[in-house]
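For reference, the structure discussed in these notes is given below.
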Amino acid sequence: MKHNAQVTIQYNGKQIYVTKNGRFNQDSRYVLYHQALKDYLDKELEGTYYGGSPIKEEQEET
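See below:
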């Protein structure tokens, strides 16, 4: 990668997004379809907060 370039990988539980920030702050964003990486992220993030409503989840537990 070129100097000061940056790659960000984001996962929302459904899709994997890859954003590349290159020269002159030009961003390129892609949706990545890679089942093995999705399976890995699901396993590593199991039990973590994905963006659901924590208040609703707490009420359901009681």
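For what it's worth, the working numbering labels the leading residue of the sequence shown as 1011, then goes sequentially.
Positions of the beta carbon are idealized from the N, C-alpha and C atoms, including for glycine.
Query, Result
"Cβ neighbour criterion (16 or more within 10 Å) applied to Q1020", "exposed"
"For K1030, three-class secondary structure by DSSP", "strand"
"Simplified DSSP assignment, three categories, for L1055", "coil"
"At least 3 beta-carbon pairs within less than 8 Å: the region 1018–1034 vs the region 1042–1049", "yes"
"Residues sharing a beta bridge with L1047, DSSP", "DSSP lists no partner for L1047."
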